[in-house]
Ligand code: SF4
Ligand code: FES
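Chains as they are written, first to last, in the working numbering: chain A, 1 to 269; chain G, 270 to 496.
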């Protein structure tokens with residue numbers, strides 16, 4: 001099933017982990033070194049950290065704090081810098097889906113939190129990504145009247161737009177794009193959210209208002225400026241394309257020029 | 270109306286757009302400048318370059334307006350670049366131990382500020398040297414104009430400054446063109462490859478031709494074997 005099976009019975013991988021430890025946002029952080037022996041190559045990266053934490057707990061030491069939830073690459077909770085790469089060396093793979101067979105016995109692994117002013121560190125590898133939630137709250141939704149569900153297919157969507165929208169909707173909000181960007185910019189995330197909703201008929205009515213509000217919030221959160229370096233796309237576990245950033249730029253320009261002040265909205269409707 | 274424009278220009282995307290538009294305009298200027306420079310190689314007695322300089326001088330006040338516009342382009346482009354660099358530094362207060370790229374960045378895209386600074390310093394030297402101190406355009410003298418240019422570029426110091434700046438320009442342009450189009454929202458899979466190749470071609474041709482000036486001047490000292 002996997003190349004990792006060769007390592008069975010050989011006692012697994014012996015690793016040296018250098019992990020960023022920091023008690024709180026105010027505390028001074030530092031790397032601490034932990035040797036770990038007999039790691040199964042079939043373990044995920046997070047399971048490897050579980051093993052370490054079990055060991056630390058048994059020794060009466062403080063376990064390493066890290067975020068995780070679904071462990072199947074869909075929730076966006078996990079995320080750390082592994083040897084300087086967001087989510088580690090595998091492409092299109094969240095940390096929870098990264099497996100230890102990607103590493104060799106004897107490897108040294110540096111593990112750090114995602115670093116950005118807009119993602120303040122809470123503890124060890126856990127950062128506060130609620131800046132993303134605040135951006136979503138500004139427009140990452142569509143407004144609909146409640147009531148019975150519409151008939152399926154009553155709102156025709158072009159196949160091409162539906163496909164592009166679904167690709168953008170794959171964004172799990174993990175923040176790896178920000179972490180990997182040399183400028184800590186959030187344009188890939190915002191571009192994905194704006195594209196996901198704006199391309200479909202349900203999202204079109206609020207397309208202008210949405211992009212203006214979400215970009216304003218993005219700027220207010222203190223993310224950096226996009227330099228079109230495209231490291232975000234390379235780091236994204238869902239391979240969100242930077243085409244979404246171009247669409248964001250386009251939509252923002254158009255909306256800035258054409259959106260009416262909100263007091264004029266809905267007049268005569 | 271103004272407040273709408275102000276909001277736009279204060280946003281990160283608005284500033285980027287201004288950066289892209291001023292950058293593209295500067296590329297246009299470079300191409301025209303390059304065409305003018307090429308008159309140096311038309312003959313060995315400098316009359317082609319002098320004729321070109323005379324045409325510029327004949328523009329009179331229009332030349333001043335054009336130069337003021339050019340200055341504005343530089344100031345806005347450089348100002349926005351420095352501001353973005355400072356904001357980006359703030360956006361990541363603590364660094365990674367060893368950030369390892371996953372393949373998105375290029376040597377050109379992560380050195381835009383550095384190459385920009387080199388080009389900026391060069392432009393200041395260049396303008397003081399050729400435009401202000403020598404007043405070349407104010408009194409285009411066929412006998413001296415081309416000679417002054419060749420003399421400047423055939424000293425090892427003059428040639429190296431020029432050459433290094435043009436390499437920096439090439440690296441800057443390598444990223445610049447496609448980056449500007451991306452910022453303008455002009456991206457589509459059907460044109461991706463074409464845009465990249467155009468940007469790379471532009472960088473190589475423009476910077477390559479400019480960089481050839483000091484090299485040819487060093488070798489031939491103004492007596493072109495082909496003329
Ligand atoms: S765009 Fe990609 S890297 Fe950024 S938050 Fe979404 S899934 Fe994560
Ligand atoms: S834990 Fe949910 S994506 Fe990794």
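Every residue gets a Cβ at the ideal spot worked out from N, C-alpha and C, and that includes glycine.
Proximity to residue 122(A) across 46(A), 227(A), 26(A), 51(A) peaks at 26(A), based on C-alpha coordinates. Counted as a single uninterrupted DSSP element, the alpha helix (DSSP H) harbouring residue 436(G) occupies residues 425-452.
Residue 42(A) is a Cβ neighbour of residue 101(A), given a cutoff of 9 Å. Not a single C-beta of chain A is nearer than 9 Å to the C-beta of residue 345(G).
Between residue 365(G) and residue 115(A) a beta carbon distance of about 6 Å is seen, short of the 8 Å cut, so the two are scored as contacting. If you look at residue 458(G), you'll find it isn't in any beta strand (DSSP E); it sits in the alpha helix (DSSP H) that goes 458-489. Separation of residue 60(A) and residue 39(A) (C-alpha to C-alpha, rounded to the nearest whole angstrom) is 21 Å. When only Cα atoms are considered, residue 437(G) and residue 387(G) end up about 7 Å apart. Taking every protein chain shown into account, the CB of residue 273(G) has fewer than 16 other CB atoms within 10 angstroms, so this residue is exposed. Between the alpha carbons of residue 326(G) and residue 415(G) lies a gap of roughly 16 Å. In the DSSP secondary-structure assignment, residue 333(G) is not bridged to any residue. Cβ proximity to chain G below 8 Å picks out 219, 222, 223, 224, 225, 226, 227, 228, 229, 230, 231, 232, 233, 234, 235 from the stretch 219-236 of chain A. The three-state secondary structure of residue 308(G), taken from DSSP, is helix. Only 110 from the stretch 95-110 of chain A bring a Cβ to less than 8 Å from some Cβ of chain G.
Taking the C-beta atoms as reference points, residue 79(A) is found no nearer than 9 Å to residue 184(A). Residue 54(A) counts as exposed, since fewer than 16 other C-beta atoms from the protein chains shown sit within 10 angstroms of its C-beta. If you check the CB distance, residue 135(A) and residue 193(A) come in under 9 Å. Put simply, the CB of residue 126(A) is far from chain G, with every gap to its CB atoms at 9 Å or more. Between the alpha carbons of residue 50(A) and residue 124(A) lies a gap of roughly 14 Å. At a beta-carbon threshold of 9 Å, the residues of chain G lying near residue 252(A) are 277, 280, 282, 283, 286, 454, ordered along the chain.
Using a C-beta cut-off of 8 Å, the stretch 88-95 of chain A makes no contact with the stretch 195-205 of chain A, since fewer than three inter-stretch Cβ pairs fall below that distance. Note on residue 333(G): under 16 other CB atoms within 10 angstroms of its CB, so exposed under the neighbour-count rule. Annotated three-state conformation of residue 14(A) is strand, per DSSP. For residue 189(A), not one C-beta of chain G is nearer than 9 Å to its own C-beta.
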